[in-house]
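Asks:
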Amino acid sequence: MKALCLLLLPVLGLLVSSQTLCSMEEAVNEKIQEGASSLVFRAIRSIGLECQSVTSRGDLATCPR
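Mapped onto mature numbering (1 follows the signal peptide of the UniProt record, and there is no 0), the consecutive letters of the sequence shown carry residue numbers -18 to -1, 1 to 47.
#1: In three-state terms, what does DSSP make of Leu42?
#2: Compute the Euclidean distance between the alpha carbons of Glu8 and Leu42, then round it to the nearest angstrom.
#3: What is the DSSP secondary structure of Ile29, counted as helix, strand or coil?
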């Protein structure tokens, strides 16, 4: 019985440490998503499109000049 308890202690330690890693991983993923979304919004705002209409007749679409 003592041996079984000693074998279960490392398993319990791994379970506890993995739970803290999951919350840490979630926090890191959240920060990455926040940073990426702000970069995307900044890039979209800086794009200047001046084209009013687009024509395409089987070729690549071009802006009228």
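We put the beta carbon where it would ideally sit given N, CA and C, even for glycine. Predicted model only: the values in this text are computed from it and were never measured.
Replies: Put simply:
#1: The answer is coil: DSSP assigns Leu42 none of H, G, I, E or B.
#2: Rounded to whole angstroms, the separation of the alpha carbons of Leu42 and Glu8 is 43 angstroms.
#3: In the three-state scheme derived from DSSP, where H, G and I count as helix and E and B as strand, Ile29 is classed as coil.
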